[in-house]
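K.L.:
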Amino acid sequence: MVPSTISEMWTTMGSTIASFMFLWAIVRQYCPYEVRRYFEKYTHRIIGVFYPYIKISIHEFTGDRLKRSEAYVAVEAYLSANSSKSAKRLKAEMGKDSTNLVLSMDEYERVTDEYRGAKVWWVASKVVSPTRPMSYYPEQEKRYYRLTFHKRYREMITGAYLEHVVKEGKEIRVRNRQRKLYTNSPGYKWPSYKQTMWSHIVFEHPATFETMALDPDRKKEIIEDLVTFSKSKEFYARIGKAWKRGYLLYGPPGTGKSTMIAAMANLLNYDVYDLELTAVKDNTELRKLLIETTSKSIIVIEDIDCSLDLTGQRKKKAEKPLHVDEKEKMDKEKKESKEEGSSKVTLSGLLNFIDGLWSACGGERLIVFTTNYVEKLDPALIRRGRMDKHIELSYCSFEGFKVLAKNYLNLETHPMFDTIHGLMKETNITPADVAENLMPKSPLDNAEKCLSSLIQALEEAKEEAANRNAEKEAAARKIAEQEEATSKQTEDPIPAREDVGRSQENN
Ligand SMILES: Nc1ncnc2c1ncn2[C@@H]1O[C@H](COP(=O)(O)OP(=O)(O)OP(=O)(O)O)[C@@H](O)[C@H]1O
Ligand SMILES: [Mg+2]
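507 is the number that the UniProt record's numbering gives the last residue of the sequence shown; the numbers go up by one with no jumps.
Take a look at the structure:
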């Protein structure tokens, strides 16, 4: 029967759909699984003949579940930039520098995009898998984007369009990137789908190489090294080396090691992963943490000498024969540390973290260690190739002081600089101490007051150093005298027999 009017046509279509839905409901309710699968399969095929659209899903987590899919992240960025004009339901997040809100399409929202005359539709969606009975983990959400387009554009969309989306998405991400400071949170629940092993805040440290008190030549050398690294993707690929570089920053407290890490991150626009090694349970957890880091990042382990017993001394200690009570004491300590849930990360685990096979995933990463006592570290940990560049940060030089005077007081020169120059030659002061003295403490403090305060600090430091030296010399003299006395005694313990006889004769 051919429908004669439009209303009749609608009625026929409506009743066909209703019958189909009714049939589907019966199949779902009463038919066994095999029949249902059969029904679904053929329904899809029949629909496929008449339905001219193709769908592509891009899931947030792919098979390995360890990392967010790069394609998903790129599409997310592309759509957030392109959908905000056409989507009706949007979600807002704080953008770069916390100054503006970035809009992106909300879940289940559909937006249209056009590419070389072809229309495509994007939908943001998610499936929630129900929790299994007695399951420890909460229900899992699997988010995905679905792209729909007419099959006549198949080649263009699957090729050029998707390439364009991923490329533009990546560029947008770099442009809008709000850099983050991550830290590993102890007590996470692995392997939950949603929880990551790192928690983060926005990275907003203002330090730059310009504001750092360092000799200009060294500064230039470090900057060039970093910039060359960041542009050497092809070079590293060509020489067959993972695209990463290790930096060891060492020097006394307050000489700018942490400040330099912030300056590095700001120079290269990288994220910072501040790894608290003592909170890492074991080597496996350390590897998982590594996998979760993104490229364009700096992985930092501060005060590596204090982090764990990585100095290689434990082995030596164990090699010595132990007394029974010493052994008991060690066993007790071991037991206690286990109870406290302390870290079981080993030196070899850390070496693997730095340059094992897993360390190559991701690429474009710096690994930075800081320490106050470089001599305490195991040489294997800091050998070239692992820690490629060793940077000593030491006491403030006059050049360094001039940078700080410019930063803090906006002074390039001043008559008092000569006195400061003279004192700096005679004594050591850390950049942190210089910075503290140059900092105005009240609105009335002017440059002269701050410079006088620095001169006073330098004079005090000089006096303290002189006292310390005098004490050291006195102690050394005392030890020398004692040694001389004991060596005399050992040389001449009992008077010789002839001497005794001679003295008796004299008597
Ligand atoms: N080279 C420097 N240039 C500019 N400021 C510096 C420099 N060194 C230290 N400072 C100032 O001193 C403060 C402390 O420096 P920082 O935390 O970087 O020292 P550190 O070497 O990491 O010390 P620690 O070994 O105790 O961790 C910083 O906030 C910074 O203001
Ligand atoms: Mg520090």
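By construction, the Cβ of each residue, glycine as well, lies at the ideal position given by its N, Cα and C atoms.
Report yes if the CB atom of L411 is closer than 8 Å to the CB atom of A447, and no otherwise.
P.N.:
Contact flag set, yes.
K.L.:
With a 10 Å radius around its C-beta and 16 neighbouring C-beta atoms as the bar for buried, classify L101 as buried or exposed.
P.N.:
Exposed, since its Cβ has fewer than 16 Cβ neighbours within 10 Å.
K.L.:
Spell out the partners DSSP gives S104 in its beta bridges.
P.N.:
DSSP lists K91 as partners of S104.
K.L.:
DSSP has D282 in a bridge; who is on the other side?
P.N.:
D282 is not bridged to any residue.
K.L.:
Would you list the residues sitting across from F50 in a DSSP beta bridge?
P.N.:
Answer by DSSP bridge pairing: none, since F50 is not bridged.
K.L.:
I'd like to know whether the C-beta atoms of W198 and E364 end up nearer to each other than 8 Å.
P.N.:
Not a contact, by the Cβ cut-off of 8 Å.
K.L.:
Pairing CB atoms from the stretch 392-408 with CB atoms from the stretch 275-286, are three or more of them under 8 Å?
P.N.:
No, the stretch 392-408 does not touch the stretch 275-286.
K.L.:
Return the chain-ordered ranges of every beta strand (DSSP E) run that is complete within the stretch 328-409 and spans a minimum of 3 residues.
P.N.:
Fully enclosed beta strand (DSSP E) runs of 3 or longer: 365-371, 389-392.
K.L.:
With DSSP as the reference, label R248 as helix, strand or coil.
P.N.:
Note that residue 248 corresponds to Leu in the displayed sequence, not to Arg. In the structure shown, L248 sits in a strand (DSSP, three-state: E or B).
K.L.:
Determine the DSSP secondary structure at L181, reduced to helix, strand or coil.
P.N.:
Residue state, collapsed to three classes: strand.
K.L.:
Alpha carbons only, please: which of L454, T430, I429 is nearest the one belonging to K441?
P.N.:
Answer by Cα proximity: L454.
K.L.:
Please work out which residues of its chain come closer than 6 Å, Cβ to Cβ, to A461, disregarding the five sequence neighbours upstream and downstream, and give them in chain order.
P.N.:
Around A461: T427, I429.
K.L.:
Check whether the Cβ of T370 lies closer than 7 Å to any heavy atom of ligand 2, and answer yes or no.
P.N.:
The answer is yes for T370.
K.L.:
Going by beta carbon distance, what residues of the same chain come within less than 7 Å of S359, once the five residues before and after it are set aside?
P.N.:
Counting only Cβ-Cβ distances below 7 Å, and skipping sequence neighbours, we find A242, K244, L290, F353.
K.L.:
Who are the near neighbours of W121 in its chain, counting only those whose CB is closer than 8 Å to its CB and skipping five residues on each side?
P.N.:
Cβ within range, chain order: R110, V111, T112, D113, L147, T148, F149.
K.L.:
So, with DSSP's three-state summary, where would you put E292?
P.N.:
The answer is coil: DSSP assigns E292 none of H, G, I, E or B.
K.L.:
Beta carbon of N176, beta carbon of L275: below 8 Å?
P.N.:
The answer is no: Cβ separation not under 8 Å.
K.L.:
Between the Cα of R179 and those of D215, A457, M264, spot the shortest distance and give me the residue it belongs to.
P.N.:
Minimum Cα distance to R179 is reached at M264.
K.L.:
What does a CB cutoff of less than 7 Å around residue 508 pick up in its chain, not counting 5 residues either side in sequence?
P.N.:
The structure shown does not extend to residue 508, since the chain is modelled only from 1 through 507, so no value can be given for it.
K.L.:
By a C-beta neighbour count over all protein chains shown, 10 Å radius and 16 as the cutoff for buried, is G385 buried or exposed?
P.N.:
Its Cβ having fewer than 16 others within 10 Å, G385 is exposed.
K.L.:
Taking the straight line between their C-alpha atoms, what separation do you get for N437 and L451?
P.N.:
Distance between the alpha carbons of N437 and L451 is about 8 Å.
K.L.:
Can you give me the Cβ contacts of N467 inside the same chain, cut-off strictly under 7 Å, excluding the 5 residues immediately before and after it?
P.N.:
Excluding residues within five positions, none has a Cβ falling inside 7 Å.
K.L.:
Would you mind working out which of T278, T158, Y395 sits nearest L347, comparing C-alpha positions?
P.N.:
It is T278.
K.L.:
Using DSSP bridges, identify the partner residues of E114.
P.N.:
Paired residues: K119.
K.L.:
For my contact list, Y373 and D305 are in at a C-beta cut-off of 8 Å; report their separation, rounded to the angstrom.
P.N.:
Indeed, because the Cβ distance is near 5 Å, the residues count as touching under 8 Å.
K.L.:
Per DSSP, what kind of secondary structure is W24 in: helix, strand or coil?
P.N.:
Correct three-state label for W24: helix.
K.L.:
Which value, in whole angstroms, describes the spacing of the CA atoms of L79 and S295?
P.N.:
In a straight line, the C-alpha of L79 is about 22 Å away from that of S295.
K.L.:
Using a threshold of 8 Å, state whether the C-beta atoms of residue 519 and A262 are closer than that.
P.N.:
Nothing can be reported for residue 519, as the shown portion of the chain is limited to 1 through 507.
K.L.:
Would you mind sorting E155 into buried or exposed? The rule is 16 or more other CB atoms within 10 Å of its CB.
P.N.:
With fewer than 16 Cβ atoms within 10 Å of its Cβ, E155 is classed as exposed.
K.L.:
State yes or no: is the C-beta of E436 nearer than 7 Å to some heavy atom of ligand 2?
P.N.:
Outside the cutoff, so no.
K.L.:
From K472 to I298, what distance separates their C-alpha atoms?
P.N.:
When rounded, the distance between both Cα atoms is 42 Å.
K.L.:
What's the gap between the Cα of Y145 and the Cα of E8?
P.N.:
Taking the straight line joining both Cα atoms gives about 38 Å.
K.L.:
Using only alpha-carbon positions, find the residue among G400, Y408, L423, E163 that is nearest to P431.
P.N.:
When only C-alpha atoms are compared, the closest one is G400.
K.L.:
Look at the alpha carbon of V27 and the alpha carbon of A118, and state the distance between them as a whole number of angstroms.
P.N.:
For V27 and A118, the distance between alpha carbons rounds to 38 Å.
K.L.:
Let's test the definition: count the other Cβ atoms within 10 Å of the Cβ of T259 and tell me whether it reaches 16, buried, or not, exposed.
P.N.:
Looking at its Cβ environment, which holds 16 or more other Cβ atoms inside 10 Å, T259 is buried.
K.L.:
Please return the same chain residues whose Cβ sits closer than 6 Å to the Cβ of L381, not counting the five positions on each side in sequence.
P.N.:
Contacts found: none.
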